[in-house]
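Please read the structure below before turning to the comments.
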Amino acid sequence: MLQNMMIEMNQLVLNKLPLKLSVRYFTQVAEKLSEKVSTRPHTPVMVNEVIKYLKPSAGETFVDMTFGAGGHSTRIIESAPNIKIYALDRDPVAYSYAQAMAEKYPGQVIPLLGRFSELPSLLKEQRVLPNSIDGFIFDFGCSSMQFDVAERGFALSKDGPLDMRMDGFRCPDEPTAADVLERCTEQDLARIIKYYGEERQYKKIARALIEARYMFQSLKTTRELARLVESVLDKDFRTDRLGRFAHSATKVFQALRIFVNNELNEINYGILIAEKYLKINGRLITISFHSLEDTVVKRHLSGNITDNAANISSMRFQNYGKIFSHGQVVDMTESPWTMLHKHVILPSDEEIDENPRSRSAKFRAIAKVK
Ligand SMILES: C[S@@+](CC[C@H](N)C(=O)[O-])C[C@H]1O[C@@H](n2cnc3c(N)ncnc32)[C@H](O)[C@@H]1O
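For what it's worth, the numbering used here labels the leading residue of the sequence shown as 964, then goes sequentially.
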């Protein structure tokens, strides 16, 4: 199963990587980030749709799994009296925003620093019980505070160290994107680029990365990586879904970011955790920005889960030719979720004009029914 393979892949490759980079480096980055974040907040995506489907009402409790700069949380808390929000983010910069919001709404906003997979222990410390939350929101991907700060190493358009860790200086021992490029085998790099980047030229790129290593070519900055991929795919002119020029390294950057942050497995855990903590009829909102994220959500919706992991391939392509009993089919397709609208919801043209980062958003509102 691809999902299981990805879990294995992340464990396998990450276990091999060394501990690097000094605390001083992270302290410097933290200082620089805190200077920059105050001037550059993140514009929340599809906020009206979030309020329409989350339907916050007085006294309800929510978990914002991706607090960022708190754009969604702010609208939720302002939409009814006495709302309580557990504000989770793995990024210390986002956590500092949540702390600022907690000062403004004492007792109503509870900042939590950690990953989706760490939420159960964080909620336990807060004495939050399963089946007690009215709504969860996930707004996947990176915030503007991550993309727009060159030192974080997420953006192709900004030269900075190839870092890409959402946890930033919180987990200094976590491997960076540069560590991955330095230490992974050619086969692992090819798999990362193929599965997480959905890049057709994965073999060619993986080969070039290994050759660069043998030639002692530096691959420590976003610009160095972008140039290398560009040189490998030089005749490949690419456009995005709106027909605009897309850099040939976009998919490689996406692949590394997903791998470094174990993003798809985190989404899988996150949805399982939301299911555990939501009340019956509690609402789950997901906003995804590429097909891999959306696929994990869809597999949960359709009940296509084995051993607590979302199956990446759809059911009709699994076990082709095998005949299942009625009970097995019911078991496999039973889902605790139901969609609250018929088709996936996309941002309006006006929102895309005002906030181009919303252009690839896909919105789903789901209710827990069992
Ligand atoms: C698109 S931003 C959210 C923006 C936010 N909704 C707002 O309105 O400002 C996504 C955020 O999710 C966080 N994030 C991504 N994966 C996470 C995970 N596994 N656990 C916790 N936070 C995560 C990122 O650090 C980032 O701050």
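Built from N, CA and C at the ideal position, the CB exists for glycine as well. This one's a predicted model, so the numbers in the text were calculated from it and none came from an experiment.
query	result
For Phe1110: DSSP bridge partner residues	Note: Phe1110 sits in no beta bridge, so no partner.
Lining residues of ligand 1 - beta-carbon closer than 5 Å to any non-hydrogen atom, in sequence order	His1005, Pro1007, Thr1029, Gly1031, Ala1032, Gly1034, His1035, Asp1052, Arg1053, Asp1054, Ala1057, Arg1078, Phe1079, Asp1102, Gly1104, Ser1106, Met1129, Glu1229
First and last residue of the uninterrupted beta strand (DSSP E) at Ser1251	1241–1251
Reduced DSSP category for Met1028 - H, G, I as helix; E, B as strand; rest coil	coil
Cβ-Cβ distance between His1306 and Ala1328 below 8 Å	no
Per-residue burial, Tyr1232 [other beta carbons within 10 Å of its own, 16 or more giving buried]	buried
C-alpha gap between Thr1213 and Lys1067, whole angstroms	39 Å
Within 8 Å, strictly: CB atoms of Ile1250 and Asp1102	yes
Within the stretch 1133–1175, ranges of the beta strand (DSSP E) (whole runs, at least 3 residues)	none
Pairwise C-alpha distance: Gly1031 and Gln1062	12 Å
Exposure of Phe1099, with buried meaning 16 or more beta-carbon neighbours within 10 Å	buried
According to DSSP, residues forming a beta bridge with Pro1124	Thr1184
Through-space distance from Asp1197 to Arg1207, alpha-carbon basis	17 Å
Among Ser1036, Ile1243, Thr1185, Ile1155, nearest to Ala1113 - alpha-carbon criterion	Thr1185
Nonlocal neighbours in the same chain, by C-beta distance under 7 Å from Leu1082, ignoring five residues either side	Leu1051, Ile1236
Cβ pair Ser1042, Ile1014 closer than 8 Å	yes
DSSP three-state assignment for Asp1097, whether helix, strand or coil	strand
Contacting residues, own chain, Cβ-Cβ under 6 Å from Leu1076 (five flanking each side not counted)	Tyr1058
Distance CB(Gln1071)-CB(Ile1039) smaller than 8 Å	no
Rounded separation between Lys1183 and Asp1122 - CA only	10 Å
Rounded separation between Arg1090 and Pro1019 - CA only	22 Å
Pair within 8 Å by beta-carbon distance, Phe1117 and Arg1201	no
Straight-line Cα distance separating Phe1287 from Tyr1177	51 Å
For Thr1006 and Asn1318, believed in contact at Cβ under 8 Å, the rounded distance	5 Å
Contact set for Glu931: own chain, Cβ-Cβ below 8 Å, skip 5 residues either direction	Given a span of 964 to 1333 for the chain in the structure shown, any question on residue 931 remains unanswerable.
Chain B within 8 Å of Leu1152, Cβ atoms only	Checking the listed chains, one finds no chain B in this structure; it contains a single protein chain.
Inter-residue Cα distance where the pair is Glu1174 and Lys1166	12 Å
Endpoints, alpha helix (DSSP H) assigned at Met1064	1055–1067
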